[in-house]
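Residue numbers for the sequence shown follow the UniProt record's numbering, so the first one is 1 and each next one is one higher.
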Amino acid sequence: MQSRNRIQHEDSSGNRLHNRTWSHGNDSEEEIASENTLLNENSEQRQKHSTPIECSACPVTTFAEEKMRRKLRFFFMNPIEKWQAKRRFPYKFVVQVIKIILVTVQLCLFAHNNYMHVNYTWDNRITFSHLFLMGWESTQEVHSLILFIYISREHKLNLILQVPAYPPASGPLAIYKRSDFYDAIDYALHGYYNVNDAIGAYSYIAEDNSVGPVTLCLYEYKEGIIFGFNESYVFDSEIVETCMNITLETFNTFNSSHNLLQDRNINVNFSALVRAHLKFALKTVNLKAAGPMTPPDCYRFNIKVIFDNRDFDGQMLLSLDAEARKLQCKGDTHYITDNRIESALRTLLNLLVILICTISLVLCSRAIYRAQLLKFETINFFKKTYGTILSFEGRLEFLNLWYIMIIINDLLIIIGTVIKEQIERKHSETDHWNICSIFLGTGNLLVWFGVLRYLGFFKTYNVVILTLKKAIPKVARFLICAVLIYAGFTFCGWLVLGPYNLKFRSLATTSECLFALINGDDMFATFSITFSKSAVLWWYSRIYLYSFISLYIYVVLSLFISVIMDAYDTIKIYYREGFPKNDLQTFIAPCTDEASSGIFRDDSERSNLTELLERFCCCRKRPFYGSFSESDSSKSEQECNGAICV
Numbered sequence: 001m002q003s004r005n006r007i008q009h010e011d012s013s014g015n016r017l018h019n020r021t022w023s024h025g026n027d028s029e030e031e032i033a034s035e036n037t038l039l040n041e042n043s044e045q046r047q048k049h050s051t052p053i054e055c056s057a058c059p060v061t062t063f064a065e066e067k068m069r070r071k072l073r074f075f076f077m078n079p080i081e082k083w084q085a086k087r088r089f090p091y092k093f094v095v096q097v098i099k100i101i102l103v104t105v106q107l108c109l110f111a112h113n114n115y116m117h118v119n120y121t122w123d124n125r126i127t128f129s130h131l132f133l134m135g136w137e138s139t140q141e142v143h144s145l146i147l148f149i150y151i152s153r154e155h156k157l158n159l160i161l162q163v164p165a166y167p168p169a170s171g172p173l174a175i176y177k178r179s180d181f182y183d184a185i186d187y188a189l190h191g192y193y194n195v196n197d198a199i200g201a202y203s204y205i206a207e208d209n210s211v212g213p214v215t216l217c218l219y220e221y222k223e224g225i226i227f228g229f230n231e232s233y234v235f236d237s238e239i240v241e242t243c244m245n246i247t248l249e250t251f252n253t254f255n256s257s258h259n260l261l262q263d264r265n266i267n268v269n270f271s272a273l274v275r276a277h278l279k280f281a282l283k284t285v286n287l288k289a290a291g292p293m294t295p296p297d298c299y300r301f302n303i304k305v306i307f308d309n310r311d312f313d314g315q316m317l318l319s320l321d322a323e324a325r326k327l328q329c330k331g332d333t334h335y336i337t338d339n340r341i342e343s344a345l346r347t348l349l350n351l352l353v354i355l356i357c358t359i360s361l362v363l364c365s366r367a368i369y370r371a372q373l374l375k376f377e378t379i380n381f382f383k384k385t386y387g388t389i390l391s392f393e394g395r396l397e398f399l400n401l402w403y404i405m406i407i408i409n410d411l412l413i414i415i416g417t418v419i420k421e422q423i424e425r426k427h428s429e430t431d432h433w434n435i436c437s438i439f440l441g442t443g444n445l446l447v448w449f450g451v452l453r454y455l456g457f458f459k460t461y462n463v464v465i466l467t468l469k470k471a472i473p474k475v476a477r478f479l480i481c482a483v484l485i486y487a488g489f490t491f492c493g494w495l496v497l498g499p500y501n502l503k504f505r506s507l508a509t510t511s512e513c514l515f516a517l518i519n520g521d522d523m524f525a526t527f528s529i530t531f532s533k534s535a536v537l538w539w540y541s542r543i544y545l546y547s548f549i550s551l552y553i554y555v556v557l558s559l560f561i562s563v564i565m566d567a568y569d570t571i572k573i574y575y576r577e578g579f580p581k582n583d584l585q586t587f588i589a590p591c592t593d594e595a596s597s598g599i600f601r602d603d604s605e606r607s608n609l610t611e612l613l614e615r616f617c618c619c620r621k622r623p624f625y626g627s628f629s630e631s632d633s634s635k636s637e638q639e640c641n642g643a644i645c646v
């Protein structure tokens with residue numbers, strides 16, 4: 001207790017510490033008073049920059065605890081506080097700002113080109129439908145689904161119009177007579193051989209623009225004979241493919257596809273005919289895409305007229321498939337503007353995006369790696385100092401999900417940019433517009449989500465993030481129950497109402513219809529288009545729809561909103577009374593030093609030698625001036641576990 005009470009020992013033969021120097025002899029009262037005044041000034045100045053820690057017996061762990069607290073406190077600071085604490089430049093923040101600008105500009109340019117590409121191919125598909133589909137009318141293109149785009153097994157972009165939009169203005173385009181089948185083939189052949197009459201600048205695929213052959217393929221069951229009068233049949237499910245080329249000379253000779261097939265001993269068995277394809281190709285150039293620095297685009301359209309008889313219901317559906325593929329234009333014969341500037345600028349933008357995303361990826365990966373190192377260091381510190389294990393909640397504090405999200409969007413944008421560069425350079429044999437759009441669009445979505453991390457540094461904007469974080473576990477448990485009920489209604493509606501309601505024809509459309517009903521969309525039409533001669537089924541459909549709408553709109557949605565509001569109210573209470581803390585946050589809490597106090601900067605500027613000396617001289621925080629004898633010195637060494645208190 002002598003060191004705690006600061007008792008000054010007076011011994012004429014002992015040593016005295018005067019102004020951090022050793023001397024022999026007694027001190028005068030004036031010297032002692034001046035030294036005590038200097039001591040008080042140093043103590044007050046040090047207390048301004050650190051939290052005072054009482055140290056009876058001068059434990060060595062006092063310095064380690066303070067250092068670990070400040071280290072963790074600095075780790076969980078935001079970029080602004082880190083700049084104030086150690087003048088550490090916020091590299092990751094600046095990189096994210098630059099990245100969001102570059103990727104947004106890149107997305108806007110690609111979206112414009114993608115729209116022009118898809119819109120151009122769609123307009124050409126409409127044109128081909130008028131030229132090659134018998135019975136095609138303008139009403140069908142207006143009231144049709146806007147576009148079905150999918151990537152086939154050959155990874156080619158396909159544009160198909162198959163399903164009428166809701167509500168349908170007319171029935172599907174179909175043929176019902178055998179003569180109509182041959183007439184539809186003849187109509188397509190006449191349109192192909194006279195493509196020069198079209199307003200569009202279409203050419204044949206041969207280098208000399210000569211008319212190429214048309215391929216007709218028939219897909220039939222190996223055996224399919226129906227005897228309806230006595231309810232019998234002969235059937236073999238194996239499908240046999242029969243293909244033939246039809247040249248212009250051959251068609252002009254017979255002037256009819258029916259006569260041509262008979263000449264080649266091909267008899268179409270409509271009882272066994274599954275489908276038929278008429279395939280040919282055309283080339284064209286898109287001049288609309290040309291701009292001050294953009295050359296025209298060259299395209300090849302692989303066209304397929306489809307006769308679909310898979311249902312064998314007397315209605316053979318007629319549709320058209322147009323596969324659009326970009327070609328490398330062979331020269332700027334009439335295009336004077338040099339396109340090298342535009343190509344160089346796009347390539348430069350792509351390279352900048354890849355570079356900035358790579359830097360962001362490296363910085364965030366390094367931050368996650370360092371966080372894990374600090375986590376293991378903290379775990380070992382808790383185990384050695386307190387004999388406890390850091391809780392799971394405390395360990396999760398070192399896992400920054402924002403960095404993981406940034407890494408994911410960096411990877412998506414890099415992959416999308418590489419695909420985009422291949423598309424623009426036309427090094428890819430097939431178009432990957434949709435794949436590139438998915439990568440760039442999803443990556444840009446996550447980039448803008450990442451802005452919320454920096455808004456979370458402000459108390460006002462952080463409420464939304466904390467509310468979502470608090471509500472996610474409860475919302476997930478709530479949605480599990482809601483999804484189970486939703487699945488039951490979906491399967492039931494698909495089974496019962498599917499044959500009688502257009503919106504319930506498939507499991508996917510049933511789910512989409514029910515989700516739209518939850519939002520109050522198109523309710524009356526759903527009720528009105530349900531058609532059935534059965535009164536029982538009609539009443540059942542009403543009970544089904546009323547119960548689903550009432551349950552989800554008035555009960556499920558209300559409970560869902562109340563769950564989120566409960567989380568919001570909890571966050572408001574936390575702001576007023578304080579947030580709950582885990583063991584890691586409780587450990588850091590005593591470190592109340594301001595980021596701009598300078599103590600964090602002092603810690604970083606200390607040399608390794610000074611740090612080593614302070615580990616052995618743990619009581620340097622509270623120095624005192626006095627004399628001690630050899631017995632006092634040995635006693636102090638025992639109390640400090642071998643550390644010398646100066």
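Ideal Cβ placement from N, Cα and C applies to all residues, glycine included.
Cβ pair residue i, residue j closer than 8 Å
i, j, result
"I368", "V463", "no"
"C552", "G493", "According to the sequence provided, residue 552 is Tyr. The question's Cys does not apply to it. For Y552 and G493, no; Cβs fall outside 8 Å."
"L514", "F548", "yes"
"N78", "F457", "yes"
"residue 647", "F312", "A query on residue 647 cannot be resolved here, the shown segment of the chain reaching from 1 to 646 and no further."
"F307", "R275", "yes"
"F132", "G191", "yes"
"L248", "F254", "no"
"N286", "Y120", "yes"
"S319", "L502", "no"
"L278", "I185", "yes"
"V95", "L363", "yes"
"F270", "R178", "yes"
Three-state secondary structure (DSSP) of residue i
i, result
"S203", "strand"
"I246", "strand"
"S550", "helix"
"residue 649", "Because the chain here runs from 1 to 646, residue 649 falls outside it and cannot be looked at."
"S391", "coil"
"I414", "helix"
"S138", "helix"
"I543", "helix"
"D236", "strand"
"E397", "coil"
"E241", "strand"
"I266", "coil"
"S558", "helix"
Residue i: first and last residue of the uninterrupted beta strand (DSSP E) it sits in
i, result
"F280", "L273 to N286"
"D297", "D297 to D308"
"A324", "M316 to L327"
Backbone CA spacing between residue i and residue j [nearest angstrom]
i, j, result
"E66", "F587", "10 Å"
"L445", "I413", "10 Å"
"T467", "I564", "7 Å"
"W402", "N124", "44 Å"
"I435", "C591", "50 Å"
"T378", "A85", "21 Å"
"K533", "Y540", "13 Å"
"Y486", "S511", "8 Å"
Endpoints, alpha helix (DSSP H) assigned at residue i
i, result
"Y192", "R178 to Y193"
"E220", "Element bounds for E220: not the alpha helix (DSSP H) but the beta strand (DSSP E), V214 to F227."
"C591", "Note, C591: premise wrong, no alpha helix (DSSP H); not H, not E."
"Y486", "K459 to L497"
Among the options, nearest to residue i - alpha-carbon criterion
i, options, result
"V211", "T242, N252 and G224", "N252"
"L452", "T388, M405, T62 and N434", "M405"
"T104", "V353, I480 and V475", "V353"
"A201", "K288, L557 and I518", "K288"
"I101", "H258, N350, D180 and K222", "N350"
"A471", "I561, I341 and H258", "I561"
"D583", "R370, R366, L396 and A535", "L396"
"K326", "I423, S256 and G394", "I423"
"K474", "F128, S256, V240 and Y568", "Y568"
"L218", "I226, S232, M244 and V556", "M244"
"T127", "A206, I199, S232 and I205", "I199"
CB contact below 8 Å: residue i versus chain B
i, result
"N78", "Chain labels in this structure do not include chain B; a single protein chain is all it has."
Near the ligand GTP: residue i beta-carbon under 7 Å from a heavy atom
i, result
"R264", "Here there are no bound small molecules, and the ligand GTP is not part of this structure."
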